[in-house]
Amino acid sequence: MAARRLHEFVRALRGAGVRISPVEAEEAFRAAALIGYHPREQFRETLALTLVKSEAERPDFDHCFDTFFQFEESDGEAGSEPPPAPAPDGESGESLEPTAASLLSQDGTQLEQTLAQAAAGIDFTAMQVITQQGLYARRLLMSMGMGAVDDEILRLDASPRHADRHRAEQLRDWRGGVRERALAHVQRQFELHGRAHGRALREHTLRAAPFRDLREFQQVQELVRRLARRLARSHQRRQKKARRGALDARRTLASSLRYNAVPVELHWRERRRLKAKVLVVCDVSSSVRDAARFLLQFLYAMTDVLPRVRSFAFAARFDEVTEDFDRYSPDVAVGRILDRVSGSGTDYGTMFQELEACCRGEIDRQTTVIILGDARNNDLPAGERHLADIARRARQVFWLNPEPPSRWNSGDAIMARYLPYCRDARRCASLNDLSRFTDALLRQLD
Amino acid sequence: MKTRIDSVDDVTQSFARQGYICDQRTALAVYLAAQLHKPVLVEGPPGVGKTELAKAAAGFLEAPLIRLQCYEGLDESRALYEWKYGKQLLYTQLLRDKLSGVLADTESLEQSMHRLGDLGDAFYSETFLEPRPLLRALRADEPVVLLIDEIDKADQEFEAFLLELLSDFQISIPEMGTVRARHQPLVFLTSNDQRELSDALKRRCLHLYIPYPEAALERRILAERVPELDARLREQLVDFIQHLREQDMKKLPAVSESLDWARALVLLHADSLEPELVEQTLTLVLKNEQDAELARDLLPHWFRRHGGAS
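Those sequence lines, one after another, are chains A and B.
Per the working numbering, the first sequence starts with residue 1, numbered consecutively.
Per the working numbering, the second sequence starts with residue 447, numbered consecutively.
Here it is in structure tokens:
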């Protein structure tokens, strides 16, 4: 029973996004058996030590723990009082069905226990959608034995006596109270288990949704962070493993002395890891703003593998925004940036000129320049020769455009003028696009 | 080594006797690690006593502490074992005559090879083995506490190499086969979160995060470690440090900094925090010039707020 509860808890945790392997779960059960369930804080810490493997997951764990183990605690809660005893007139009390009788005689705490016991017999982890709650509540009530009470109400309703019908009314009220409790319990279970299915589905949808629709969602921040971290981690590994370089003659000779000058062990000069520099220039006019925000957020979440990112934003004006994203949360940063540079009339030509002017010394063979924008230049001079100059000095230039390629040259958009200087240009309109691009970028930088 | 650990309180009390004041969570981690034979991965900002924890655990268990400091480029030959090449070479030189004697009566090359083959093992035996910390921990005659310090500084490969040790307490050496721990050591790994550790490693460990201590705990630590410090001054000091930790700084002051500062104040015979005194000794607490400047700006405000109390 206890083990099953813990199993359910582990599943709920997984649903909340905490990764737990079967071995870890096993370990947690052993630890819990060793420490016991009381005091509660100690029990919590025991599970945390064995199940939570990074401090970032701790809030999820605490939330899950509180919700999950709340049921056991809610005994003192004021709830449905047992219905008043039937009027002692001897006649209505005839042959009350024993299950119903025992349910009716329970006070709040006892009832809560009965509910808990019945709940233990039902597998809530299969619950997937919100509309199933009613069904599960009904199932829970039935397994408590409330069926007998229903029968009793029906029987009393049919009775000709006034006192009986009054009694039926009382029982109905009482039943309503119990049902609410059961429903509350099922709701909590849904919070824990059902949400997990929904989460996976939602994540899938969010990743493919266009940026402008994402603004509304709270969870996007979290999702972006997770995607970025996952990506960063996979690249970190490759970076280390790929290390192999020219022969280090000095060390090889020195170590060969051990073997009578036979070079048994070869030593390699570690290839100097190229310190990749990334310059990001984002158009933050209203049409591209959302994409810019996610791109920057993504890049800054990967400081582990991309230590040197400088970012710039432009719309009516052009300015460096590195500090803003370093120091503030994405929401605040975007607000600050917009205050500084927003306005109408994006001018790519001037932007390239200013970029070149301010980063002339900075752009070298290790620099990757990423430009995010729709290349809608308001019929102003394209200024592609500045971009050409930047491209010549830099290692590579990438262009991300939130619009589909078919519209890259429609209206006042002039992608064709800039394309020759870009190593690659792709559409970037959803988190999926973004994470694919970043993956390709990191692969190049390794 | 102490074999019986009665309860979590047992751990807490022993730690307190050694002057290591910790919260419930930390003691629980040590207790569970010892009972379940699992390594503990200790994370947290620098200076909160991660390494001290391993030392205290060694003291508690009355077991020797073996420490392996990790750094970039650390490899098996530094961490596990190495052959004593010099000695091997010396022996072959010295034994040259002896060897020719042994080989003298062989007729064919094959026969000599065969005889040498028998001898070959002698050169890869205990005599020429230089055990490094990990092997020492596995082959110790009594259970030990093994501290693998700053694992995040080592390379990914080394982390992978540790997995076998952490889950099965054994390690494979090509020339000698698998070395199994005579007694399971209690392993602590510490990390400053310089890079993300692999899931495989985390899965094998209990995970303990030691945050900056809360005010009450920090007061207890100071009282224990720097008893000479006046109680009122201690209050002030802890208040001030806690206030600093709420700021946006490059390097927040940790427990080790509070302790240094407290000791310095004792030496200076200070009996209360004065703006001038703080200004002069601030570099003990904040090691970064920008942070120190920020703190100097905060000083007047803080003293105004706490001035009445002192």
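Just so you know, even glycine gets a beta-carbon here, dropped at the ideal spot from N, CA and C.
Just so you know, these numbers come straight off a predicted model, no measurement behind them.
Proximity to residue 514(B) [Cα-Cα], best of 588(B), 596(B), 486(B): 596(B)
Beta bridge counterpart(s) of residue 633(B) as assigned by DSSP: 592(B)
Is there at least one Cβ from chain B nearer than 7 Å to residue 55(A)'s Cβ? yes
By DSSP's criteria, residue 121(A) is part of a beta bridge. Which residues make up the other side? Residue 121(A) pairs with nothing; no bridge assigned.
State the DSSP-derived secondary structure class of residue 672(B), mapped to helix, strand or coil. coil
Tell me which residues share the same chain as residue 277(A) and place their Cβ nearer than 6 Å to its Cβ, disregarding the 5 neighbours each side in the sequence. 308, 366, 367
In the DSSP assignment, find the alpha helix (DSSP H) that holds residue 645(B) and state where it starts and stops. 645-649
Would you list, in chain order, the members of the stretch 13-41 of chain A that have their beta-carbon closer than 8 Å to a beta-carbon of chain B? 19, 21, 23, 24, 27, 30, 31, 34, 35, 41
Does residue 432(A) come out as helix, strand or coil in the three-state DSSP assignment? helix
Taking the alpha carbon of residue 21(A) as the reference point, which residue from 268(A), 46(A), 409(A), 50(A) has its own alpha carbon closest? 50(A)
Helix, strand or coil, according to DSSP, for residue 311(A) in the structure here? strand
Can you name the residues of chain B whose CB is closer than 7 Å to the CB of residue 45(A)? 470, 471, 474
Helix, strand or coil: how does DSSP classify residue 613(B) here? helix
Taking only runs of the alpha helix (DSSP H) that begin and end inside the stretch 670-720 of chain B, which ones reach a length of at least 4 residues, in chain order? 677-691, 701-713
Would you identify the three-state DSSP class for residue 135(A), choosing helix, strand or coil? helix
So, for residue 378(A): in the same chain, excluding its five sequence neighbours on each side, which residues have a beta-carbon less than 8 Å away from its beta-carbon? 345, 346, 347, 412
Within a Cβ cutoff of 6 Å, which residues of the same chain sit near residue 592(B), ignoring the five residues on either side of it in sequence? 512, 583, 631, 633
Quick one: Cα of residue 687(B) to Cα of residue 694(B), how far? 13 Å
Per-residue contacts from residue 52(A) into chain B (C-beta, under 8 Å): 653
In chain order, what residues of the stretch 249-283 of chain A put their CB closer than 7 Å to some CB of chain B? 258
I need the DSSP call for residue 277(A), collapsed to helix, strand or coil. strand
Under 7 Å between C-beta atoms, does residue 531(B) make it to chain A? yes
Apart from the five residues on each side of it in sequence, which residues of its chain come closer than 8 Å, Cβ to Cβ, to residue 437(A)? 398, 400, 426, 428
Could you pull out every residue in the same chain whose Cβ sits closer than 7 Å to the Cβ of residue 393(A), ignoring the five residues on either side in sequence? 363, 364
How would you label residue 341(A), buried or exposed, when you count the other beta carbons within 10 angstroms and need 16 or more for buried? buried
What whole-angstrom Cβ distance do residue 351(A) and residue 281(A) have, given they're in contact under 8 Å? 7 Å
Examine the Cβ distances between the stretch 712-723 of chain B and the stretch 675-692 of chain B and report whether three or more of them are shorter than 8 Å. yes
Alpha carbon to alpha carbon, how far is residue 42(A) from residue 65(A)? Give it in angstroms, no decimals. 12 Å
Anything in chain B within Cβ reach of residue 49(A), meaning under 7 Å, just list it in chain order. 474, 475, 478, 652, 653, 654
For residue 683(B), which residues from the same chain have a beta carbon less than 8 Å from its beta carbon, with the 5 sequence-adjacent residues on both sides left out? 668, 675, 704, 707, 708, 711, 719
Residue nearest to residue 33(A) in terms of C-alpha spacing, selected from 4(A), 422(A), 134(A), 60(A): 4(A)
Roughly how many whole angstroms lie between the Cα atoms of residue 127(A) and residue 639(B)? 38 Å
Let me know if residue 134(A) comes out buried or exposed under the rule of 16 or more other beta-carbons within 10 Å of its beta-carbon. exposed
Residues in its own chain within less than 8 Å of residue 495(B) by CB, not counting five upstream and five downstream? 466, 468, 656, 701, 702
Excluding the five sequence neighbours on either side, which residues of its own chain have a C-beta within less than 8 Å of the C-beta of residue 97(A), listed in chain order? 148, 151, 152
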